[in-house]
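J.: Structure in structure tokens, see below.
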Amino acid sequence: MIKVIWVVVALISCVIGQDANIVEIPIPTNAPQASTSCTTATWLAWSDWSTCSDECGSCGVQLRTRTCLTTDSTCTCGGLATGVQYCNLDICRYPRTTCCNNFKVSSYLGRFACLNATIVIG
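What follows is the structure in structure tokens.
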């Protein structure tokens, strides 16, 4: 059975240089639930963020992962093993669609960016 875990991620744009948005990205997973009585499972550090998969419009994503270390196969680490964030928030130029993933063009810190329309920045 596959269940969906909602990952809440902060969007960070190298172009904007500040936290610009919060987005939920569903990630299907078969991961077991973490055991509350398990003390032998621990996370290694997160990997670096991957290169953004696109150039503009919040169309790209970046991934990072971490590994759960345990000596007991019945123990799992709490939390997610994969982090996902949209990247490159600058608007795309014609002929491309200006913004992807239902993001809207918004003014942010004196420039235009593709941001989640349901988030109020201020």
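Those letters in the sequence shown? Residues -17 to -1, 1 to 105, per mature numbering (1 follows the signal peptide of the UniProt record, and there is no 0), in order.
We put the CB at the ideal spot given by N, CA and C, even for glycine.
In this text, all values refer to a predicted model and were calculated from it rather than measured experimentally.
Check residue 61 in the structure and name its three-state DSSP category.
T.: In this structure, DSSP gives residue 61 a state outside helix and strand, which the three-state scheme calls coil.
J.: If we count Cβ pairs, one from each stretch, closer than 8 Å, do we get three or more for the segment 43 to 51 versus the segment 64 to 72?
T.: yes
J.: What did DSSP end up calling residue 70 once you bin it into helix, strand or coil?
T.: Three-state result, residue 70: strand.
J.: Once the 5 residues before and after residue 70 are set aside, which same chain residues still bring their CB inside 6 Å of it?
T.: 35, 43, 45
J.: Rounded to whole angstroms, what's the CA-CA distance from residue 90 to residue 84? Just pull it up for me.
T.: 18 Å
J.: Quick one: what's got a C-beta closer than 8 Å to residue 38's C-beta in the same chain, skipping five residues either side?
T.: 71, 75
J.: Span of the beta strand (DSSP E) holding residue 94?
T.: 94 to 99
J.: Starting from the C-beta of residue 25, find all residues in its chain whose C-beta is less than 7 Å away, skip the five residues before and the five after it, and write them out in chain order.
T.: 52, 60
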